[in-house]
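Read the structure below first, then the notes.
As structure tokens, then:
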């Protein structure tokens, strides 16, 4: 997996996905509720921005492997 190779080279990664069970071997994952589109519905720019912002927050904050759940109501990571 590309994330593992990047991480072993010292480059942190965040994987954005919809199925928590498929994100077991990644160090940082953001799970979103949008079934076939992890970034959100097509054309939903504000949702896309919120998902990316949450992924960047996760990248900055996570010091250990973590699977975070994106909250579409707050459009942020849960505290």
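Residue numbers (my numbering): 785 to 863. Each residue gets a CB set at the ideal place from its N, CA and C atoms; glycine is no exception.
Excluding sequence positions up to five before and after residue 801, its CB lies within less than 7 Å of the CB of 807, 813, 815, 822, all in the same chain and listed in chain order.
Of all alpha-carbon atoms in 852, 856, 858, the one lying nearest the alpha-carbon of residue 805 is that of 852. Counting only residues of its own chain and dropping the five nearest sequence neighbours on each side, residue 858 has no CB closer than 8 Å to any other CB. Beta-bridge analysis with DSSP links residue 815 to 801, 853.
Closest in alpha carbon position to residue 836, among 856, 819, 847, is 856.
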